[in-house]
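Have a look at the structure below before the remarks.
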Amino acid sequence: MEPAIPDPLATGHRRRVLITGAGGQLGHALQEAFAGETVVALGRADWDVTQPAPPLPTMPDLVLHAAAWTDVDGAEDDPQEAAAVNVGGTQHAAELGAPLVVFSTDYVFDGRKTAPYHESDAPNPLSAYGRTKLHAEAAAGGQAWIVRTSWLFGETGHNFVRTMLRLGAERDEVAVVDDQRGCPTYAGHLAAAVRELVELPFGLWHVAAGGDATWAELAEAIFEEAGLSCRVRRITSEELGRPAPRPAYSVLRSEKPEAPLLPHWREGLRACLERL
Ligand SMILES: NC(=O)c1ccc[n+]([C@@H]2O[C@H](COP(=O)([O-])OP(=O)(O)OC[C@H]3O[C@@H](n4cnc5c(N)ncnc54)[C@H](OP(=O)(O)O)[C@@H]3O)[C@@H](O)[C@H]2O)c1
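Residue numbers (the numbering used here): 1053 to 1328.
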């Protein structure tokens, strides 16, 4: 007997997937990962997420909300605007009424642990950015996968890997922070994992690369993989003196056995460099 409501995937129906923040590094990677579906990719000019969504021709089956205020230091100066984008934007994405994927961050944790952070660990953000992202998690509603990820890099946009490649080609030495440890995550690997995640139950999920590193260790790996002879001088966060405090330790792991597992960050780095 035919089911009353046909399963869209079993019937070959392509899901209508709406992606916000399509111009960002994760937005780009998601467009690639979901290229087999009917994707509507909206950049900031198409939908400023501080406002409710513009009229859409059809209701999406899935919303991937990658638009965000990601300037961690800038959020200290303008926490209201950062909240308007991160919290207000998430509320507006949830108001579409479709299953929703939102992206959160390791910066919701204070970094006092010395072992990986799991979904059940209590958040305690140190920065204005981290606070907006934690409030955004609460604004996502009950039909959402909340994906906490960390230290994203990809082929496009502003990120640490691209900055180091530029500096490494210009200089003999760069000073890089060595007292923050996290999981540098390739946006392409995360986007592929989101495809798996949307087959799993709604809720909070930690999805970050395997392994861990400090920024200085990551910089050394970038130079090694790219064949650049630039040296890394290891400094402290205090020496760098950025406005927003960051957690000293923010390695993310999932305590859910079915959670998607990402490749090691070094594999992500190689995959990214191959495409640059
Ligand atoms: N980057 C990381 O290291 C990191 C780590 C953990 C979690 N995350 C989370 O992962 C998600 C994706 O981050 P990402 O690295 O892809 O950031 P990204 O490259 O900065 O992309 C964010 C995108 O959002 C857009 N945007 C900003 N304000 C907007 C607004 N009012 N309306 C519509 N679009 C707006 C930006 O447009 P403009 O370019 O025009 O500003 C940009 O295209 C975010 O939720 C972020 O918090 C990122």
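In this text, a Cβ means the ideal position worked out from N, Cα and C, and glycines have one as well.
Beta-carbon spacing of residue i, residue j below 8 Å
{"i": "V1199", "j": "P1177", "result": "no"}
{"i": "A1081", "j": "G1206", "result": "yes"}
{"i": "H1241", "j": "A1265", "result": "no"}
{"i": "D1158", "j": "G1073", "result": "no"}
{"i": "F1155", "j": "L1249", "result": "no"}
{"i": "A1127", "j": "A1296", "result": "yes"}
{"i": "G1220", "j": "L1280", "result": "yes"}
{"i": "A1271", "j": "V1303", "result": "no"}
{"i": "E1307", "j": "L1252", "result": "no"}
{"i": "P1109", "j": "A1180", "result": "no"}
{"i": "V1069", "j": "V1091", "result": "yes"}
{"i": "L1204", "j": "I1274", "result": "no"}
{"i": "D1224", "j": "S1289", "result": "no"}
{"i": "W1121", "j": "A1105", "result": "no"}
{"i": "W1267", "j": "F1212", "result": "yes"}
{"i": "A1150", "j": "D1113", "result": "yes"}
{"i": "A1190", "j": "A1146", "result": "no"}
{"i": "V1259", "j": "T1201", "result": "yes"}
{"i": "A1278", "j": "L1186", "result": "no"}
{"i": "T1166", "j": "N1138", "result": "no"}
{"i": "V1153", "j": "V1284", "result": "no"}
{"i": "R1066", "j": "E1084", "result": "no"}
{"i": "G1387", "j": "F1254", "result": "Any question about residue 1387 goes unanswered here, given that the chain covers just 1053 to 1328."}
Segment limits, alpha helix (DSSP H) that includes residue i
{"i": "T1142", "result": "G1141 to A1146"}
{"i": "S1202", "result": "Taken as a continuous stretch (DSSP letters only), S1202 belongs to no alpha helix (DSSP H), as it is neither H nor E."}
{"i": "W1317", "result": "W1317 to E1326"}
{"i": "T1215", "result": "F1212 to E1222"}
{"i": "S1289", "result": "S1289 to L1292"}
{"i": "F1275", "result": "W1267 to A1278"}
{"i": "G1079", "result": "Q1077 to A1085"}
{"i": "G1126", "result": "G1126 to D1129"}
{"i": "Y1181", "result": "A1180 to A1191"}
For residue i, the first and last residue of its enclosing beta strand (DSSP E)
{"i": "W1099", "result": "Here W1099 belongs to no beta strand (DSSP E), and DSSP marks it neither H nor E."}
{"i": "R1066", "result": "Taken as a continuous stretch (DSSP letters only), R1066 belongs to no beta strand (DSSP E), as it is neither H nor E."}
{"i": "T1208", "result": "No beta strand (DSSP E) contains T1208, which DSSP labels as neither H nor E."}
{"i": "T1090", "result": "T1090 to L1094"}
Paired residues, beta bridge with residue i - DSSP
{"i": "E1225", "result": "R1283"}
{"i": "S1156", "result": "R1200"}
{"i": "W1121", "result": "Looking at the DSSP assignment, W1121 forms no beta bridge with any residue, so it has no partner."}
{"i": "T1035", "result": "The structure shown does not extend to residue 1035, since the chain spans only 1053 to 1328, so no value can be given for it."}
{"i": "H1258", "result": "R1200"}
{"i": "Y1238", "result": "F1205"}
{"i": "T1072", "result": "L1094 and H1117"}
{"i": "L1304", "result": "Y1169"}
{"i": "R1233", "result": "T1266 and Y1301"}
Does the contact criterion of 3 or more C-beta pairs under 8 Å hold for the stretch 1307-1322 versus the stretch 1175-1191? Contact between the stretch 1307-1322 and the stretch 1175-1191 is absent, with fewer than three C-beta pairs closer than 8 Å.
Quick check: the stretch 1102-1122 against the stretch 1136-1148, are there 3 or more CB pairs under 8 Å? With a cut-off of 8 Å, the stretch 1136-1148 and the stretch 1102-1122 count as touching, because enough Cβ pairs lie within range.
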